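Following: one structure in structure tokens, then a few remarks.
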Amino acid sequence: MIYTKEVENMCPVNRMDATQGPSPIPEEGKWVQSKEIKDISGFTHGIGWCAPQQGACKLTLNVKEGIIQEALIETIGCSGMTHSAAMAGEILVGKTLLEALNTDLVCDAINTAMRELFLQIAYGRTQSAFSEDGLAVGAGMEDLGKGLMSQVGTIFSTEKKGPRYMNLTEGYILENGLDKDNNIIGYKYVNMGKMMEFIKDGMEPGAAMEKATGEYGRFGEAVKTIDPRKE
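Read in this note's numbering, the sequence shown has 272 at position 94, and its numbers run on one by one without any break.
In structure tokens, the structure reads:
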């Protein structure tokens with residue numbers, strides 16, 4: 179250790195109780211004084227974006243004793259980001275939080291999500307902070323819901339022609355239902371996750387699509403329906 183001459187010439191002064199350690203943070207139902215990476219456990223999410231802000235990433239990690247045991251990477255808005263997500267899925271699990279924070283996850287949005295997630299987990303702000311023993315490895319997949327697909331909202335709108343609902347929680351939207359004043363009052367959708375499961379189970383594609391199709395809102399009362407991608 180190198181000290182400046184000014185510090186060397188100072189007289190020593192005792193510090194008051196400086197051995198009490200860091201403030202405890204909530205981790206999986208316990209209060210923990212985290213001093214090392216291995217002291218950190220938790221399940222949480224982080225949101226990141228790239229420099230031109232044309233894409234975003236939601237990163238979910240399940241950390242046990244400082245080691246990433248589970249990773250879910252969801253991206254939107256950039257085709258290159260999807261390939262980066264595949265690489266991140268290969269890279270992240272098995273690493274410590276500190277290793278992951280200093281690993282090039284290729285895409286700025288995923289790197290930023292890792293940073294934001296690290297801040298949450300290091301300060302005890304995880305989703306599982308007060309859950310005894312935390313969440314089981316695999317909890318990230320449960321976030322995807324039935325059909326195991328990310329929830330994506332896609333709406334396009336112009337001042338001249340108004341909004342078009344294209345994709346919402348229920349799935350891919352086939353038709354927007356309009357009332358007599360041309361207001362959207364509901365929509366018909368197909369749940370792509372369910373449809374693909376039906377097809378994988380041997381159902382004919384047309385029948386699978388019909389079975390996975392549903393309606394939301396007052397679609398049945400619509401006086402007119404439009405294809406949001408063509409009309």
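Heads up, the beta-carbon is just placed ideally off N, CA and C, and yes, glycines get one too. It should be emphasised that the depicted structure is a prediction, and the values quoted were computed from it without experimental measurement.
For the alpha helix (DSSP H) that residue 297 lies in, which residues bound it at each end?
First-last of the alpha helix (DSSP H) with residue 297: 286-300.
Look at the Cβ atom of residue 243, then the Cβ atom of residue 271, and state whether they are nearer than 8 Å.
No, they are not a contact pair.
Ignoring anything shorter than 3 residues or poking outside the segment 245-281, list the beta strand (DSSP E) runs there in chain order.
Entirely contained in the segment 245-281, the beta strand (DSSP E) runs reaching 3 residues are, in chain order, 245-254.
For residue 330, which residues of its own chain have a beta-carbon under 7 Å away from its beta-carbon, when the five flanking residues on both sides are left out?
Once the five neighbours on either side are set aside, the close Cβ partners of residue 330 are 254, 345.
So, residue 203 versus residue 302, is the Cβ gap smaller than 8 Å?
Taking 8 Å as the Cβ cut-off, residue 203 and residue 302 qualify as a contacting pair.
Buried or exposed: which applies to residue 426, given that a residue is buried once 16 or more other Cβ atoms fall within 10 Å of its Cβ?
Examination of residue 426 is not possible in this model, given that the chain is present from 179 through 409 alone.
How many Å lie between residue 343 and residue 206 at the Cα?
Cα to Cα, residue 343 sits roughly 39 Å from residue 206.
Express the C-alpha separation of residue 372 and residue 239 in angstroms, rounding to a whole number.
Those two C-alpha atoms are separated by around 26 Å.
Is it buried or exposed for residue 335, if we count other Cβ within 10 angstroms and need 16 for buried?
It is exposed - the Cβ of residue 335 has fewer than 16 other Cβ atoms within 10 Å.
Excluding the 5 residues flanking residue 377 on each side, which residues of the same chain have their C-beta closer than 8 Å to its C-beta?
Closer than 8 Å at the Cβ level, and outside the excluded window around residue 377, lie 383, 386.
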